[in-house]
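K.L.:
Here UniProt numbering is used: position 136 in the sequence shown is 136, and no number is missing along the way.
Mind looking over this structure? Questions follow.
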Amino acid sequence: IRCIKPNNVLKPAIFENSNVLQQLRCGGVLEAIRISCLGYPTRRTFYEFVNRFGILHPKALSKGNTEITSTKMILEKANLVGYQIGKTKVFLRAGQMAELDALRTEVLGLSAKKIQTKVRSFLCRKKYVELRTCATQLEAVCRGTLARRLYENLRRQAGALRIQTRYRMRQERNKFRDLWSASTTIQCGLRGMAARKKLRFCRQTKAAVIIQTRCRCHLARSRYVKMLKATLATQCRWRGRIARKELRQLKMAAKETGALQAAKSKLEKEVEELTWRLQVEKRIRSDLEEAKEAKIQENKKLQSQLQELQQQFKETKELLKKEQETSKAASEKAEKVTLVPEIRVDETQVNELTAENEKLTTLVSSLETKIEETEERFKDQDQVREESLKKATEAESQLNQLKNAFLSLREKLASAEAEIINLRQHANLSVPADEQQVWNILYCLLITL
Numbered sequence: 001i002r003c004i005k006p007n008n009v010l011k012p013a014i015f016e017n018s019n020v021l022q023q024l025r026c027g028g029v030l031e032a033i034r035i036s037c038l039g040y041p042t043r044r045t046f047y048e049f050v051n052r053f054g055i056l057h058p059k060a061l062s063k064g065n066t067e068i069t070s071t072k073m074i075l076e077k078a079n080l081v082g083y084q085i086g087k088t089k090v091f092l093r094a095g096q097m098a099e100l101d102a103l104r105t106e107v108l109g110l111s112a113k114k115i116q117t118k119v120r121s122f123l124c125r126k127k128y129v130e131l132r133t134c135a136t137q138l139e140a141v142c143r144g145t146l147a148r149r150l151y152e153n154l155r156r157q158a159g160a161l162r163i164q165t166r167y168r169m170r171q172e173r174n175k176f177r178d179l180w181s182a183s184t185t186i187q188c189g190l191r192g193m194a195a196r197k198k199l200r201f202c203r204q205t206k207a208a209v210i211i212q213t214r215c216r217c218h219l220a221r222s223r224y225v226k227m228l229k230a231t232l233a234t235q236c237r238w239r240g241r242i243a244r245k246e247l248r249q250l251k252m253a254a255k256e257t258g259a260l261q262a263a264k265s266k267l268e269k270e271v272e273e274l275t276w277r278l279q280v281e282k283r284i285r286s287d288l289e290e291a292k293e294a295k296i297q298e299n300k301k302l303q304s305q306l307q308e309l310q311q312q313f314k315e316t317k318e319l320l321k322k323e324q325e326t327s328k329a330a331s332e333k334a335e336k337v338t339l340v341p342e343i344r345v346d347e348t349q350v351n352e353l354t355a356e357n358e359k360l361t362t363l364v365s366s367l368e369t370k371i372e373e374t375e376e377r378f379k380d381q382d383q384v385r386e387e388s389l390k391k392a393t394e395a396e397s398q399l400n401q402l403k404n405a406f407l408s409l410r411e412k413l414a415s416a417e418a419e420i421i422n423l424r425q426h427a428n429l430s431v432p433a434d435e436q437q438v439w440n441i442l443y444c445l446l447i448t449l
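What follows is the structure in structure tokens.
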């Protein structure tokens, strides 16, 4: 325990902050408070802590949670920082216990308020129910007395009203009988007079209607006759104009169909000529191919013969060379050796050899000329064949063009025929006999086309 002077004057109700703080600092109180704040001054077991502060978090008091988990949940709910949890106790910093107590008191106050509100509301409800039952009973008694009094009054009023109605009904019935007899007599007279007037009016209106209908019928008939004459005249003129116009169109169409007929006939002739040319060229082509194959075979035979003749010519040349060499060698020996008798060469054999040699040369030259002639013929035939192929392709293209033109002409003729039929269908006119004959002739021509 330490005593502190609040002031140096030694008077009450005066507190000097700096002097008191200096005394606390010198007495070591501030240091002790600081040390105690740095530690954990409040220590409680888990059971005590949960038993005291379990109100702050009711879910922590469930059976599945242990004391340690429930204490952690309560501290997390209170948002405290710096506490420590041991094995059996909870260590809290200075001031944290006060915070928890404040939260506990706050929760207890709220719960007490709720309990008070519930109890007060129960008591008030009970009192209200008792007052309501008493009021309803009193109201029922009062209403019953009033209803009985009202029933008596209504009963008396009903009896009086019944008597009055019977009396008034008798009086009114007597008055009604008098009025009814008088009104029936008056109504009979008035209705008879009105019926007579109506009958007279109906007769007058009927006569007027008959006169009006006759007059209107006469006027309408005269107007209709005039309109009929005028319409017939206009229709005749208009139909004559349309008929003349259609006759002109049909004449133009007939001219066009004649030109189309001539073009069609020309195209058909050209197509026939081209088809005939194509057939002829195909035949020529097949003949040329056959001749070419035959000439190729002849050339092969001639070449084989030429090779044989060349071999024979070479052999004869070799024989002549050998004989010449032998004759030279023999003449040289005869000149050198005079003792040896002269060797006579048979001139007939030499002449025969020379004749054979000349024949062979003539054959070779004739064969060479024949080969050259055959080659020239082959070249000429190739040129002719190429020209014929070109002509055939050109003829085929012309034929396709003519076919396309022929098809277009057919389409034009069909369209012209359809137009003429439509014109004849739409023009429901009385055409003269000569015009009708012209139309029939044109139609027949188009059908034949």
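Positions of the beta carbon are idealized from the N, C-alpha and C atoms, including for glycine.
Could you give the residue range of the beta strand (DSSP E) that holds PHE15?
P.N.:
Position 15 of the sequence shown, counted from the start, is the residue given in the question as residue 15. Segment: none, PHE15 is in no beta strand (DSSP E) and carries neither H nor E.
K.L.:
Run the CB neighbour count on ALA60, radius 10 Å, all protein chains shown included, and call it buried at 16 or more, exposed below.
P.N.:
Sequence index remark: in the sequence shown, residue 60 carries index 60 (1-based). Counting Cβ neighbours within 10 Å, ALA60 comes out buried, since at least 16 surround it.
K.L.:
Taking its Cβ as the centre, do 16 or more other Cβ atoms sit within 10 Å of GLU289, making it buried, or is it exposed?
P.N.:
Translated into the one-based positions of the sequence shown, residue 289 becomes position 289. Burial call: exposed.
K.L.:
Check whether the region 78–94 and the region 38–47 touch, using three or more Cβ-Cβ pairs below 8 Å as the test.
P.N.:
yes
K.L.:
Assuming HIS57 contacts ILE68 under a Cβ cut-off of 8 Å, what Cβ separation, rounded to an integer in Å, is found between them?
P.N.:
Looking up residue 57 in the sequence shown gives position 57. Looking up residue 68 in the sequence shown gives position 68. That pair is no contact at about 14 Å.
K.L.:
Which residue wins for smallest C-alpha separation from ARG277, given the options THR145, ILE14, GLN383, LEU389?
P.N.:
Numbered from 1 along the sequence shown, position 277 holds the residue referred to as residue 277. Closest by alpha carbon: LEU389.
K.L.:
Any idea what DSSP makes of VAL9, helix, strand or coil?
P.N.:
As a working mapping, residue 9 is identified with position 9 in the sequence shown. Looking at VAL9 - three-state DSSP - the assignment turns out to be coil, as it is neither helix nor strand.
K.L.:
In the DSSP assignment, find the alpha helix (DSSP H) that holds THR71 and state where it starts and stops.
P.N.:
In the sequence shown, residue 71 corresponds to position 71, counting from 1. From DSSP, the alpha helix (DSSP H) with THR71 extends over 67–78.
K.L.:
With respect to the alpha helix (DSSP H) encompassing ARG93, which residues constitute its N-terminal and C-terminal limits?
P.N.:
Counted from its first residue, the sequence shown places residue 93 at position 93. Run containing ARG93: none; DSSP gives neither H nor E here.
K.L.:
Select from GLN84, LEU21, LYS63 the residue whose C-alpha is nearest the C-alpha of THR45.
P.N.:
Counting from 1 along the sequence shown, the entry for residue 45 is found at position 45. Per the Cα distances, GLN84.
K.L.:
Mind checking whether VAL20 and ILE1 have CB atoms under 8 Å apart?
P.N.:
Counting from one through the sequence shown, the residue named residue 20 turns up at place 20. Counting from one through the sequence shown, the residue named residue 1 turns up at place 1. No, Cβ-Cβ distance for VAL20 and ILE1 is not below 8 Å.
K.L.:
What is the rounded straight-line gap between the Cα of VAL29 and the Cα of LYS77?
P.N.:
Taking the sequence shown and counting its residues from 1, the one referred to as residue 29 is at position 29. Taking the sequence shown and counting its residues from 1, the one referred to as residue 77 is at position 77. Rounded to whole angstroms, VAL29 to LYS77 spans 34 Å at the Cα level.
K.L.:
Going by DSSP in three states, residue 525 sits in which element: helix, strand or coil?
P.N.:
Residue 525 is absent from the structure shown; the chain starts at 1 and stops at 449.
K.L.:
Count the other C-beta atoms from every protein chain shown that fall within 10 angstroms of the C-beta of ALA254, then say buried if there are 16 or more, exposed otherwise.
P.N.:
Taking the first residue of the sequence shown as position 1, residue 254 is located at position 254. By the neighbour-count rule (16 or more Cβ atoms within 10 Å), ALA254 is buried.
K.L.:
Can you look up ILE1 in the DSSP assignment and give me helix, strand or coil?
P.N.:
The count along the sequence shown starts at 1 and reaches residue 1 at position 1. Coil, per DSSP.
K.L.:
So, VAL107 versus ILE55, is the Cβ gap smaller than 8 Å?
P.N.:
In the sequence shown, residue 107 corresponds to position 107, counting from 1. In the sequence shown, residue 55 corresponds to position 55, counting from 1. Yes, the Cβ-Cβ distance between VAL107 and ILE55 is below 8 Å.
K.L.:
Quick check: is the beta carbon of LEU278 nearer than 8 Å to any beta carbon in chain C?
P.N.:
Structure shown: chain C not included; a single protein chain is present.
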